[in-house]
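See below for the structure under consideration.
In the numbering used here, the protein residues as written are 2 to 333.
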């Protein structure tokens, strides 16, 4: 990430919980000055799990506490707006207007302001005022339906994909609007509904359905091929094999000494041949497969727990390179 790309840009972050704060943090990571405006009692995320959600999504920001319902707090907020290039807010539709902080009000004092409203269902329409969370956006967009277990039941995510993706899109759109602002001097209003963010990831599914090919997206990567599937190990962990192209499947077969499997790559999962491959994976521990994945060019990777990634050679090397760039190379 370019850590100085947005140097000199000031963004007001009037957001709580996750998607808005994450968007602001992404902009901060690119060099923007982020002033996060919280109520006197703080962002409610400070009280979730001892403040972990707040800590994880507000790196690199200056936090100020203002009571926007008071004349004094509102006055301070308006002064901040005059100095800002952009503003992000995640209140329910209509709240910022009641406070006198909606886009139409603020552009009278800051005509070139980039203003982003990040919400569940947008600012208008029958569902705009309804409360909802990440699981709802995943479900309504169709994204949850593509994550099913073997019984066909949607898998309950333990990560908030819509929140994080919405934050990424907001940061992208704000950056693009800032580019236009500095080219033309014009501000911009951005209305980003989280449910639409997830729907944008289903373009393949839409077209495959429209053409009558598949209701489950790209068939080749839907877990129906032996060469592109998830396999269990001897000790109950999992490996991801993504040898979609023949060259990678050939590399895998040659590496494990199974030339008789060369023609099996496109065979269906659930078949006797698939059971033979699955049994072979279960003949070794996850740690053994982990080591082998680093030796063969076959799109083979361990299914890591989130914290385990920090010890994987890829992430360790990335961390060392970042430290070298920052002039903090650790001693061997």
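Think of the CB as a built atom: it goes at the ideal place given N, C-alpha and C, for glycine as much as any other residue.
For clarity, every value in this text was computed on a predicted model and none was experimentally measured.
Using the Cα positions of residue 32 and residue 88, report the straight-line distance between them to the nearest angstrom. 16 Å
CB-CB under 7 Å to residue 285, same chain, minus the five flanking residues each way: which ones, in chain order? 234 and 235
Inter-residue Cα distance where the pair is residue 18 and residue 55: 7 Å
Coil, strand or helix - residue 65 by DSSP: strand
Tell me the rounded alpha-carbon separation between residue 12 and residue 34. 6 Å
Whole-angstrom Cβ separation of residue 10 and residue 179, contact assumed at under 8 Å? 6 Å
Can you check the region 161-204 for any beta strand (DSSP E) of at least 3 residues that lies completely inside it and give the ranges in chain order? 189-194
Where do the ends of the beta strand (DSSP E) carrying residue 12 lie? 11-15
Quick check on residue 280: buried or exposed, where buried means 16 or more other Cβ atoms within 10 Å of its Cβ? exposed
Going along the chain, which residues of its own chain have a beta-carbon closer than 7 Å to the beta-carbon of residue 239, five neighbours each way excluded? 231, 232, 233 and 304
Given 8 Å as the limit, is there contact between the region 197-217 and the region 161-171, that is, 3 or more CB pairs closer than that? yes
Distance CB(residue 20)-CB(residue 119) smaller than 8 Å: yes
What does the alpha-carbon distance come out to for the pair residue 130 and residue 97? 13 Å
Is the region 238-257 touching the region 299-318, taking contact as three or more C-beta pairs under 8 Å? yes
Inter-stretch contact at 8 Å, needing at least 3 Cβ pairs: the region 106-120 / the region 78-88: yes
Go through the region 225-297 residue by residue and report every complete run of the beta strand (DSSP E) that reaches 3 residues or more, in order. 229-233 and 239-243
Find out if the Cβ-Cβ distance for the pair residue 225, residue 270 is shorter than 8 Å. yes
Cβ-based neighbour list, residue 110, same chain, cut-off 8 Å, excluding 5 preceding and 5 following: 79, 82 and 83
How would you label residue 278, buried or exposed, when you count the other beta carbons within 10 angstroms and need 16 or more for buried? buried
Under three-state DSSP, which class holds residue 87? strand
Strictly by DSSP, which residues pair up with residue 155? 149
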